[in-house]
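Let me begin by presenting the structure, written as structure tokens, before commenting on it.
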Amino acid sequence: MDTKTLRQFELFKGFPPRELNALAGIFSTHSVSAGEKIITQGDKSEGVYLLLSGIISVKRETRSGALVPICNIEPGSLFGTLSTIDGGTRGAHCIAKEDVEYGFLQTVDFLDLIAGNSAMALGFQVVVIRSIFHDIRFTNEQLAEFSSLAPIDELTPIS
């Protein structure tokens with residue numbers, strides 16, 4: 035991945051050029067076709083992703099086997115961070131809605147950056163925090179929308 039690619043995304047605005055160049059060097063770039071799964075719910079994390087182009091659909095599989103759409107991931111989004119940080123399993127499927135290109139950062143490199151205190155590591159930590167806060171805000175909005183729906187016992191029955 036090159037520095038120009040990272041610089042185009044809002045998450046990396048203000049990131050110093052030298053550190054951005056070094057960060058770009060540790061991401062590998064991959065492509066998948068529409069319909070291919072990038073992340074499988076329940077799998078162990080192998081790293082984090084940065085969507086470079088295309089759209090990814092996030093779907094959570096329920097215990098009954100239903101696939102519930104959660105959201106779409108758009109270019110410039112970092113995803114797969116939580117299970118990489120906490121060592122848990124992936125919480126949802128991530129499926130390419132169209133041809134997709136993404137950057138991948140292996141867990142060992144990600145955790146080195148999270149634990150590091152170099153200028154690059156500190157800058158990356160800010161990127162991860164911004165990304166997680168963005169996701170929390172989105173989740174809060176979705177929860178508020180869901181909570182505003184009428185309770186099931188107040189819905190009009192179908193005749």
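In the numbering used here, each number is its position in the sequence shown, counted from 1, plus 34. Note that beta-carbon positions come from the ideal geometry of N, C-alpha and C, so glycine has one too.
So, is I90 buried or exposed, given that buried needs 16 or more other C-beta atoms within 10 angstroms?
-> Residue burial annotation: I90 is buried, with at least 16 other C-beta atoms found within 10 angstroms of its C-beta.
What does a CB cutoff of less than 7 Å around E80 pick up in its chain, not counting 5 residues either side in sequence?
-> Closer than 7 Å at the Cβ level, and outside the excluded window around E80, lie Q140 and T141.
So does the stretch 106-117 actually touch the stretch 161-181, counting three or more Cβ pairs closer than 8 Å?
-> With the cut-off at 8 Å, the stretch 106-117 and the stretch 161-181 touch.
Could you name the residues of the same chain whose beta carbon sits closer than 7 Å to that of L45, not counting the 5 residues immediately before and after it, in chain order?
-> These residues qualify, in order along the chain: G110, L112, V161, R164 and S165.
Could you tell me whether the Cβ atoms of L57 and E135 are closer together than 9 Å?
-> Against a cut-off of 9 Å, the Cβ pair of E135 and L57 comes out as no contact.
Between the beta-carbon of I60 and the beta-carbon of D143, is there less than 9 Å?
-> Less than 9 Å divides the Cβ of I60 from the Cβ of D143.
Can you tell me whether H127 is buried or exposed, with buried defined as 16 or more other CB within 10 angstroms of its CB?
-> With 16 or more other Cβ atoms within 10 Å, it is buried.
Start-to-end residues for the beta strand (DSSP E) that takes in F138 = V134 to Q140 is the span of the beta strand (DSSP E), which, as asked, contains F138.
Could you give the C-beta distance for A68 and A130, rounded to a whole number, given that I count them as a contact under 8 Å?
-> In this structure A68 touches A130 by the C-beta definition: roughly 5 Å separates them, less than 8 Å.
Find the nearest neighbour of Q176 within the set G48, N106, G121 and F158, judged by alpha-carbon distance.
-> Closest by alpha carbon: N106.
Give the DSSP bridge partners of T63, in chain order.
-> According to DSSP, T63 bridges with G137.
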